[in-house]
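Residue numbers (the working numbering), protein chains in the order written: chain G, 1 to 140; chain S, 141 to 448. Heads up, the beta-carbon is just placed ideally off N, CA and C, and yes, glycines get one too.
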């Protein structure tokens, strides 16, 4: 495990993109960042600009308009950046799979590092996913 | 030889490295106290160092259409000014008698440079939100500089000298009514200089998404973060030195403890203010500084001239 990866996993700054989500996943993401779970213990904070971000959170189905924006945001992010799909919609399209405006799985456009299904996933599930993601980054 | 020694002082102690390490530790105090106020655990003490190291290994994005050289050199301008300010201040505190006449005025200029660097970087980045943040930062500078200089005039009138080391060795300004008023004004100006709540309109993460810093990524952002941390360290030390009767580290363990107490007291006061106040709109901040704050600062100067 390199020095750089160590610093990265201890200071993950999160940018959250809701791509036409129903907002349930977004509310659970905000719940995870509240004092009750206190992710700042692990150096995780929410940032307002994609240029500051190390993690790009995607929630919701990415329809034909939102998918293009997501791709542009990913291109604007300084690398290395980790992409996490949160919720059933972002992972697989969920109940909107047969919808006329669904653009298909988001990983056709953006390489996704972690999938976190659930409708919505609980804060505990997000923290468990985070632990697995950090283990993956460290190459374990 | 003298020149080499000065360069070492500027780069290591008490200049760049010392101010950066002290500043990052102070920013940890800020984050930890904020976390405790919100009933959280808060980050570990190495967290600001992890953040800076992580930013150093990230990619540097230069936005299309920006003024590249200004976008990349503006953070360095702020960093070097903050390092020089720390150098002059700590030399006055630790090596009295080696200053020069008027170093207080140089100090005042150096303390405005980091804000200027933020404005330049914001305008160079060709982002509308950054431009808005930069213009707010500029208005805020116009607002707080007048009362800040008036407040610093109070100890100057009472001592009377423009040399930082003589000012530090003189009687503490807060022992007189004029000094108390001046310290109050200077505390508010410090909050605005650090763009902390209630004067954080230039950054305003809820509506400007980081404001002036929005296009910065990687190492330039790390330099800006470090500069901010250095100012968070240098400004309370400056206030303690000028208004609270200096920081006498050479006067044994009692003196060192008193100096640390003054410094931490001013920092925690600023953190409490930032956690309990809402954000002021930029025009309200301007009216606040040009109205009541300047009036109080002027009153303090008049009181000091009258010998109180």
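How big is the Cα-Cα spacing for residue i and residue j?
| i | j | result |
| --- | --- | --- |
| residue 176(S) | residue 169(S) | 10 Å |
| residue 348(S) | residue 239(S) | 42 Å |
| residue 111(G) | residue 323(S) | 54 Å |
| residue 78(G) | residue 209(S) | 19 Å |
| residue 432(S) | residue 425(S) | 11 Å |
| residue 409(S) | residue 123(G) | 34 Å |
| residue 93(G) | residue 115(G) | 12 Å |
| residue 402(S) | residue 384(S) | 8 Å |
| residue 357(S) | residue 46(G) | 15 Å |
| residue 258(S) | residue 197(S) | 22 Å |
| residue 50(G) | residue 200(S) | 13 Å |
| residue 91(G) | residue 211(S) | 38 Å |
| residue 352(S) | residue 446(S) | 43 Å |
| residue 246(S) | residue 336(S) | 24 Å |
| residue 165(S) | residue 52(G) | 21 Å |
| residue 207(S) | residue 364(S) | 18 Å |
| residue 162(S) | residue 422(S) | 31 Å |
| residue 6(G) | residue 188(S) | 14 Å |
| residue 8(G) | residue 69(G) | 26 Å |
| residue 430(S) | residue 182(S) | 37 Å |
| residue 202(S) | residue 218(S) | 19 Å |
| residue 67(G) | residue 334(S) | 39 Å |
| residue 17(G) | residue 248(S) | 42 Å |
| residue 233(S) | residue 287(S) | 24 Å |
| residue 82(S) | residue 96(G) | Outside the displayed range of chain S (141 to 448) lies residue 82(S), so it cannot be described from this structure. |
| residue 404(S) | residue 167(S) | 12 Å |
| residue 366(S) | residue 98(G) | 50 Å |
| residue 100(S) | residue 4(G) | With chain S covering 141 to 448 only, the question about residue 100(S) has no answer from this structure. |
| residue 329(S) | residue 290(S) | 11 Å |
| residue 20(G) | residue 2(G) | 37 Å |
| residue 213(S) | residue 355(S) | 14 Å |
| residue 71(G) | residue 89(G) | 17 Å |
| residue 142(S) | residue 220(S) | 20 Å |
| residue 190(S) | residue 174(S) | 19 Å |
| residue 437(S) | residue 278(S) | 21 Å |
Please go through the same chain and pick out, in chain order, the residues whose beta-carbon is closer than 6 Å to the beta-carbon of residue i, but skip the five residues on each side of it.
| i | result |
| --- | --- |
| residue 25(G) | 59, 86, 87, 120 |
| residue 126(G) | 32 |
| residue 435(S) | none |
| residue 90(S) | Look at the range of chain S in this structure, 141 to 448, and you will see that residue 90(S) is not part of it. |
| residue 448(S) | 316, 317, 318 |
| residue 105(G) | none |
| residue 344(S) | 351 |
Could you round the C-beta distance between residue i and residue j to whole angstroms and report it? I think they count as a contact, below 8 Å.
| i | j | result |
| --- | --- | --- |
| residue 361(S) | residue 195(S) | 5 Å |
| residue 262(S) | residue 274(S) | 3 Å |
| residue 223(S) | residue 150(S) | 6 Å |
| residue 35(G) | residue 179(S) | 5 Å |
| residue 101(G) | residue 63(G) | 4 Å |
| residue 12(G) | residue 43(G) | 7 Å |
| residue 373(S) | residue 159(S) | 6 Å |
| residue 113(G) | residue 133(G) | 7 Å |
| residue 307(S) | residue 382(S) | 6 Å |
| residue 326(S) | residue 280(S) | 16 Å between Cβ atoms; not a contact. |
| residue 295(S) | residue 313(S) | 4 Å |
| residue 309(S) | residue 392(S) | Actually they do not touch by this definition, with Cβ atoms about 17 Å apart. |
Grab me the residues of residue i's own chain with a C-beta within less than 8 Å of its C-beta, minus the 5 sequence neighbours each way, in chain order.
| i | result |
| --- | --- |
| residue 242(S) | 302, 303 |
| residue 74(G) | 56, 81, 83, 109, 110 |
| residue 76(G) | 50, 51 |
| residue 417(S) | 337, 338 |
| residue 205(S) | 266 |
| residue 389(S) | 233, 234, 395, 396, 399 |
| residue 237(S) | 305 |
| residue 10(G) | 42, 43 |
Spatial neighbours of residue i within its chain, please: CB distance less than 7 Å, with the 5 preceding and 5 following residues excluded, ordered by chain position.
| i | result |
| --- | --- |
| residue 297(S) | 441, 444, 445 |
| residue 406(S) | 376, 379, 380 |
| residue 451(S) | For chain S, the structure presents residues 141 to 448; residue 451(S) sits outside this window and is missing. |
| residue 495(S) | Chain S is shown only over 141 to 448; residue 495(S) falls outside these bounds and no answer can be derived. |
| residue 103(G) | 62, 63, 64, 67 |
Exercise for review: Indicate whether the contact test is met: 3 or more Cβ pairs, each with one atom in the stretch 59 to 74 of chain G and one in the stretch 25 to 38 of chain G, closer than 8 Å.
Suggested key: yes
**Study point:** Inside the stretch 180 to 207 of chain S only - beta strand (DSSP E) runs reaching at least 3 residues
**Key:** none
Practice item. Evaluate contact between the stretch 31 to 42 of chain G and the stretch 337 to 344 of chain S, counting only Cβ atoms and requiring at least three cross-stretch pairs below 8 Å. Key: no
Check your understanding: What residue ranges within the stretch 313 to 384 of chain S form continuous alpha helix (DSSP H) runs of no fewer than 4 residues, ordered along the chain?
Key -> 317 to 333, 358 to 383
Check your understanding: Should the stretch 403 to 423 of chain S be called in touch with the stretch 254 to 271 of chain S, which here means at least 3 C-beta pairs below 8 Å?
Key -> Cβ pair count under 8 Å is below three, so no.
Check your understanding: Within the chosen definition, does the stretch 128 to 139 of chain G reach the stretch 366 to 380 of chain S through at least 3 CB pairs nearer than 8 Å?
Key -> The stretch 128 to 139 of chain G, when compared against the stretch 366 to 380 of chain S, does not touch it at the 8 Å Cβ threshold.
Exercise for review: Please confirm if the stretch 223 to 239 of chain S is in contact with the stretch 147 to 157 of chain S, defined as three or more CB-CB distances below 8 Å between the two stretches.
Suggested key: yes
Point to revise | Minimum length 4: unbroken alpha helix (DSSP H) runs contained in the stretch 220 to 306 of chain S | key: 243 to 264, 268 to 298
**Study point:** Every unbroken beta strand (DSSP E) within the stretch 14 to 88 of chain G, with a cutoff of 3 residues, ordered by chain
**Key:** The stretch 14 to 88 of chain G contains these whole beta strand (DSSP E) runs: 55 to 59, 82 to 86.
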